[in-house]
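Okay, so here's the structure we're looking at.
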Amino acid sequence: MKNNNLAFLISYAVRGSALVRWIGVLGIAGLLMGCAFVRGEVGEPFSEERIKALEKGKTTRQEVALHFGAPDEVVEANGYDIFHYRRFDSKLGWVLFFSRFNVGSDNLWVFFNSQGIVQEVVFGNRTGNLEFQVWPFGE
Amino acid sequence: MVLIALWGAGCDFRRVVVNAPISSETLQRLNPGEDLLNDIVQTLGAPDEIDEMTKGMVLRYRYGDSKTMRVNFGWIFRIFLPVVPSMHLGRGEGVTHVLHIAMNGDGTFDHYFVQDSPAPPRFWFWPF
């Protein structure tokens, strides 16, 4: 929508009379002045190689800690010790009086059996599709 | 014209969205007593939280949405005054949807429950 408005104003500014040209230039300046695009990340991205290096029935708890560092959380559930690693990504788009702040999280869960060997690896990437958006209405 | 009118009124619309909502069609694909953790993760992604139950565990997925609107009535005074006084009225509404996935002690999917909020958030400035 912003692009359409901008294209309309540019065509107006180029083609119109002196007054219309000034209105177009002011409109473009107004749109470009009051804008901000900000990104915030917490934690390092989980690369595919690092996750593939976790082998079920082989990798130990120590090796996981060596690869990924100390977990953000340790959970005990259903007979497993579970290491939880998180990563957050956020994108803010702001133009004049409209803004939208999208936040996404990636979660890596590593399940260990009673011997401290990896039993299950669960990973979800939700930051990959995160977009810069300005329009706060709709979905 | 609408944009200029909103700007002139000192309006401000802000939205914060945390993660994406999970559709009910996706949840229909889960099979109680059959699906394992990997099936759940393939369908819904990795959970945000895992908690222990007496038998089994519960996976939690969260989706948040909040909307804030403000109107600065002080903008009217910019016609008469060199400095615009701040006279804001604003309101923010936020909801968090939580999806619980309960897993049995044998690692199979048991049931799900969606904790929904009564009403979706809306843009409105009146705080009283």
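As you go down the protein sequences, you meet chains A and B in turn. The first sequence runs contiguously to residue 139 in my numbering. The second sequence runs contiguously to residue 267 in my numbering. C-beta: ideal position from N, C-alpha, C; glycine also.
Where R61(A) is concerned, the enclosing alpha helix (DSSP H) starts and stops at R61 to F68. By the criterion of a C-beta distance shorter than 7 Å, L166(B) is surrounded in its chain by Y251, once the five residues flanking it on both sides are discounted. For A241(B), there are no neighbours in chain A by C-beta distance under 7 Å, as the nearest C-beta there is about 11 Å away. By alpha-carbon distance to Q119(A), the top candidate from E41(A), T60(A) and F88(A) is T60(A).
In the DSSP assignment, T182(B) falls within the unbroken alpha helix (DSSP H) covering L176 to L183. Against chain A, the CB of D151(B) has a partner CB under 8 Å away; the residue lies at that interface. Annotated three-state conformation of L166(B) is helix, per DSSP.
Around R50(A), the same chain offers H67 and F68 as residues with beta carbons nearer than 8 Å, after the five sequence neighbours per side are excluded. Taking the beta carbon of M226(B) as reference, no residue of chain A falls within 7 Å; the closest one sits roughly 16 Å away.
Annotation: R50(A) is outside any beta strand (DSSP E); the continuous alpha helix (DSSP H) that includes it extends over E48 to K52. Residue-level contact check: I189(B) touches chain A, since one or more beta carbons of chain A fall below 8 Å from its beta carbon. Between F98(A) and P136(A), the C-beta gap is smaller than 8 Å, which places the two residues in contact. Judged by their CB atoms, G124(A) and V180(B) are nearer to each other than the 8 Å cut-off.
M196(B) is classed as buried because its beta carbon has at least 16 other beta carbons within 10 Å across all chains shown. The region 229-239 of chain B makes contact with the region 200-213 of chain B, as at least three CB pairs between them are under 8 Å. With contacts defined as CB atoms closer than 8 Å, V134(A) and R86(A) fail to qualify as a contacting pair. With distances taken between CA atoms, Y202(B) lies nearest to E188(B) out of D174(B), E188(B) and I215(B).
In the structure shown, L108(A) adopts extended strand secondary structure according to DSSP, grouped into three states.
Per DSSP, S90(A) is one residue of the beta strand (DSSP E) stretching across Y80 to V95.
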